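Peer 1: My questions all concern the structure below.
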């Protein structure tokens, strides 16, 4: 995983924080990889940054061009199915924030 | 580290992604803890979520009430000093995004 190379703002960030139960770890990792693969095909996908520590606490932030692309991903059939499973089996706790990136800078 | 309990939107998120060099790890951890302690004292601080994996890739997202509180923290003398050191010794790469949280939901 690396720092996402996103365009000049404005664009959107979906900040997803979660505490993993550590149940079905292998299945979770496979599904995560598959979801990234599918999300990348949605027009407006700009990048993803994902990190989880040894305690199962993680942050996945996905960058999108606009609200339309976020909506397309939210309503994606396979994504909806994965979310349902994730919320009942994998995520002990989770929180999702939809935020409009107004400015950015760094060294990448 | 846990999911931050933030108020009803709108509020701001500073999404900070970084690749750590793993240099001066102990000093880095001490400074990070100290910075969180100081940030919490700034009016408008709403919460922080921080996660780094075994490869040194990390995300620290800090939530703030408004741009004024972000500015107060950005200009904090001890924070400025720490940032300078961090950018030369600790962070191989980093990227900071300022985003306005418009909506949120979850199970916490």
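Residue numbers (the numbering used here), protein chains in the order written: chain C, 1 to 108; chain W, 109 to 216.
Glycine residues also receive a C-beta, built at the ideal position from the N, C-alpha and C atoms.
The model shown is predicted, which means the values in this text are computed figures rather than measured ones.
Kindly give me the distance between the Cβ atoms of residue 102 (chain C) and residue 9 (chain C), rounded to whole angstroms, as I take these residues to be in contact under 8 Å.
Peer 2: Counting from one through the first chain, the residue named residue 102 (chain C) turns up at place 102. Counting from one through the first chain, the residue named residue 9 (chain C) turns up at place 9. That belief holds up - the Cβ atoms of residue 102 (chain C) and residue 9 (chain C) are roughly 6 Å apart, short of 8 Å.
Peer 1: Hey, which unbroken runs of the beta strand (DSSP E) at 3 residues or more fall wholly within the region 110-162 of chain W?
Peer 2: 119-128, 153-160
Peer 1: So, helix, strand or coil for residue 206 (chain W), using DSSP?
Peer 2: The residue you call residue 206 (chain W) lines up with position 98 of the second chain. Of the three classes helix, strand and coil, the one that applies to residue 206 (chain W) here is strand, per DSSP.
Peer 1: Looking at the ligand FAD, does it come within less than 7 Å of residue 16 (chain C), judged from the CB to the closest heavy atom?
Peer 2: The ligand FAD is absent from the structure shown, which contains no ligands of any kind.
Peer 1: Please identify, using Cβ separations under 8 Å, the residues of the region 29-51 of chain C that lie next to chain W, in order along the chain.
Peer 2: 49, 51
Peer 1: So residue 44 (chain C) packs on residue 5 (chain C), CB below 8 Å; how close in whole Å?
Peer 2: Taking the first chain and counting its residues from 1, one reaches residue 44 (chain C) at position 44. Taking the first chain and counting its residues from 1, one reaches residue 5 (chain C) at position 5. Actually they do not touch by this definition, with Cβ atoms about 15 Å apart.
Peer 1: Going along chain C in order, which residues have a C-beta closer than 9 Å to the C-beta of residue 182 (chain W)?
Peer 2: To locate residue 182 (chain W), count along the second chain from 1; it is residue 74. One finds nothing in chain C with a Cβ atom closer than 9 Å to the Cβ of residue 182 (chain W); even the nearest lies about 12 Å away.
Peer 1: Can you give me, in chain order, the residues of the region 90-101 of chain C that have a beta carbon less than 8 Å from any beta carbon in chain W?
Peer 2: 91, 93, 94, 95, 96, 97, 98, 99, 100, 101
Peer 1: In the DSSP assignment, what are the bridge partners of residue 56 (chain C)?
Peer 2: In the first chain, counting from the first residue as 1, residue 56 (chain C) sits at position 56. Under DSSP, residue 56 (chain C) shares a beta bridge with no residue.
Peer 1: So with Cβ pairs under 8 Å, would you call residue 215 (chain W) a contact of chain C?
Peer 2: Along the second chain, one-based indexing puts residue 215 (chain W) at 107. For residue 215 (chain W), the answer is yes, since a Cβ of chain C falls inside 8 Å of its Cβ.
Peer 1: Following the continuous alpha helix (DSSP H) through residue 70 (chain C), name the residue where it begins and the one where it ends.
Peer 2: Indexing the first chain from 1 puts residue 70 (chain C) at position 70. Start and end: 67-74.
Peer 1: With 16 other CB atoms within 10 Å as the buried threshold, where does residue 89 (chain C) fall?
Peer 2: If you number the first chain from 1, residue 89 (chain C) lands on position 89. So residue 89 (chain C) counts as exposed.
Peer 1: Starting from residue 190 (chain W), follow the alpha helix (DSSP H) in both directions and report where the run begins and ends.
Peer 2: Counting from 1 along the second chain, the entry for residue 190 (chain W) is found at position 82. Per DSSP, residue 190 (chain W) is one residue of the alpha helix (DSSP H) stretching across 185-193.
Peer 1: Less than 6 Å between C-beta atoms, sequence neighbours within five positions excluded: which residues of the same chain meet that for residue 31 (chain C)?
Peer 2: What you label residue 31 (chain C) is simply residue 31 of the first chain in a count that begins at 1. Result list for residue 31 (chain C): 82, in chain order.
Peer 1: In its own chain, which residues sit with a C-beta less than 6 Å from the C-beta of residue 125 (chain W), not counting the 5 before and 5 after it?
Peer 2: To locate residue 125 (chain W), count along the second chain from 1; it is residue 17. Closer than 6 Å at the Cβ level, and outside the excluded window around residue 125 (chain W), lie 167, 203.
Peer 1: Would you please verify whether the beta carbon of residue 178 (chain W) is less than 8 Å from any beta carbon of chain C?
Peer 2: Indexing the second chain from 1 puts residue 178 (chain W) at position 70. Chain C contact via Cβ: absent.
Peer 1: When you compare the CB positions of residue 62 (chain C) and residue 39 (chain C), do they come within less than 8 Å of one another, or not?
Peer 2: Stepping through the first chain from its first residue, residue 62 (chain C) is reached at position 62. Stepping through the first chain from its first residue, residue 39 (chain C) is reached at position 39. Cβ distance < 8 Å, so residue 62 (chain C) and residue 39 (chain C) count as in contact.
Peer 1: Residues of chain C with CB under 7 Å from residue 123 (chain W), in chain order?
Peer 2: In the second chain, the residue the question calls residue 123 (chain W) occupies position 15. The answer, in chain order, is 13, 15, 61.
Peer 1: Whose C-alpha, out of C:107, C:99, C:92, is nearest the C-alpha of residue 23 (chain C)?
Peer 2: To locate residue 23 (chain C), count along the first chain from 1; it is residue 23. Closest option to residue 23 (chain C), Cα to Cα, is C:92.
Peer 1: So, are the CB atoms of residue 123 (chain W) and residue 2 (chain C) less than 8 Å apart?
Peer 2: Stepping through the second chain from its first residue, residue 123 (chain W) is reached at position 15. Stepping through the first chain from its first residue, residue 2 (chain C) is reached at position 2. The Cβ atoms of residue 123 (chain W) and residue 2 (chain C) do not sit closer than 8 Å to each other.
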